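A.B. asks:
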Amino acid sequence: MKVSAVSANTYIEKLKLKVLKAPKRGQENPIVENGITKRAVEIMKNLSEIIEDDWAKIKKSGNLLDKPQYRVADRQGNLVTIKPVYQSKINEYILMEVENDKTVDRVLFNRRKPYEYTFEHSVITPYGSASGKTYNSTKEHDKVVEDRVNSYIENFGKKAIKQVEEENLKR
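My numbering numbers the first residue of the sequence shown as 938 and each following residue consecutively.
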């Protein structure tokens, strides 16, 4: 038996083939993890790359007080801020804050595994904000929160990437 003639009998190869199969009508997409679609994961990875590129530009400029921060708005009055958060050299996150007149939604994504995130819904009060709903994608499942987070990524993440690309073309 030739070594090059080995077929896809390993567990990993079978798993890859099973995941890449298209779902049947009425079934959920098997690539969706914790409510995040494959397209949303790609958007988060692109945002992570943009953050790394901007950090490199900031370091070259010599202004170490700057940090990458992206702001996007939509027609419904939502103001979205996307910025990196570092807890240590190992833990790197992307914070997405969606703010309107009455509420703030904060989503903290793991940059290496975007499908691992925490969500917090806060109500703005005269003295700051009061946390109403929290969610951790690694411990629980809530379809409403997962759909909301996925729509945030696909809408606002795309807009942020497009905005950065347009700024880079101007330079």
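For each residue, glycine too, the CB sits at the ideal point set by N, CA and C.
A quick note: this is a predicted structure, and the numbers were derived from the prediction, not measured.
(1) Scan the region 1044-1107 and note each continuous alpha helix (DSSP H) run of 4 residues or more that stays entirely inside, going in chain order.
(2) Is it true that the CB of Glu1091 sits closer than 8 Å to the CB of Thr1071?
(3) Run through DSSP, which three-state label would Arg976 get?
(4) Take every Cβ of the region 1088-1102, pair it with every Cβ of the region 1007-1015, and state whether three or more of those distances are shorter than 8 Å.
(5) Asp1011 by DSSP, collapsed to three states: which one?
(6) Using the Cα positions of Asp1079 and Gln1100, report the straight-line distance between them to the nearest angstrom.
(7) Comparing C-alpha positions only, which one of Pro1021, Thr974, Lys996 sits nearest to Glu986?
(8) In terms of residue numbering, what span does the beta strand (DSSP E) encompassing Pro1021 cover?
(9) May I ask which residues mark the beginning and end of the beta strand (DSSP E) holding Leu1032?
(10) Indicate the three-state DSSP secondary structure (helix, strand or coil) for Asp1042 in the structure shown.
(11) Please return the same chain residues whose Cβ sits closer than 6 Å to the Cβ of Asn1015, not counting the five positions on each side in sequence.
(12) Look at the alpha carbon of Glu979 and the alpha carbon of Asn1087, and state the distance between them as a whole number of angstroms.
(13) When the distance is taken between beta carbons, is Ile1061 closer than 8 Å to Lys1039?
C.D. replies: Taking the geometry as given:
(1) Taking only runs of at least 4 residues, the alpha helix (DSSP H) segments lying wholly in the region 1044-1107 are 1080-1089, 1095-1107.
(2) It is not a contact, given that the beta carbons lie outside the stated cut-off.
(3) Residue state, collapsed to three classes: helix.
(4) Segments in contact, yes.
(5) Three-state result, Asp1011: coil.
(6) Taking the straight line joining both Cα atoms gives about 31 Å.
(7) Checking every option, the nearest Cα to that of Glu986 belongs to Pro1021.
(8) 1016-1023 is the span of the beta strand (DSSP E), which, as asked, contains Pro1021.
(9) For Leu1032, the enclosing beta strand (DSSP E) begins and ends at 1029-1036.
(10) The answer is strand: DSSP assigns Asp1042 an E or B state.
(11) Hits under 6 Å: Val1035, Asn1037.
(12) For Glu979 and Asn1087, the gap between their C-alpha atoms comes out near 12 Å.
(13) A contact, by the Cβ cut-off of 8 Å.
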